[in-house]
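Residue numbers (the UniProt record's numbering): 1 to 97.
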C-alpha cells in the first residue's frame, strides 16, 4: 500500500471528503487527489498536516511517507538491495555516534 492509498483509506474510513481535508490543509483539492493517487509526492509538511487533519500518529504517518519517498527514489535502480545495505550500514554508524 502506498502513502496515498493509506491516507485515502483513512480519509474514507472517517467519511471525510477530499475537499474537506484539502481545505483544512490549505491546499488545492487537485493536489491532494494527486497525492492519494500517487502521481505527486507529498512534502513533509503536507504529510504532517495530513496526520493532524486525519488525527493520526504523526511519527507513524511520517514513517510511511518516508518509506514511499525512498521507494520512489530507488525504483529505477538495478541494485536496490545493495544500496539499502549500504544505507543501513551508514545509519548504524550514525546511531553509534
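C-beta atoms are modelled at their ideal positions from N, C-alpha and C, and glycine is treated no differently.
Residue i, DSSP secondary structure in three states
i          : result
residue 1  : coil
residue 59 : helix
residue 39 : coil
residue 75 : coil
residue 34 : helix
residue 69 : helix
N- and C-terminal bounds of the alpha helix (DSSP H) containing residue i
i           : result
residue 149 : As shown, the chain starts at 1 and ends at 97. That puts residue 149 outside it, with no answer to give.
residue 50  : 44-53
residue 24  : 18-25
**Request:** Indicate whether the contact test is met: 3 or more Cβ pairs, each with one atom in the segment 81-93 and one in the segment 46-54, closer than 8 Å.
**Result:** no
Report task. Taking 8 Å as the threshold, find out whether the segment 55-65 comes into contact with the segment 74-85 through three or more Cβ pairs. Result -> no
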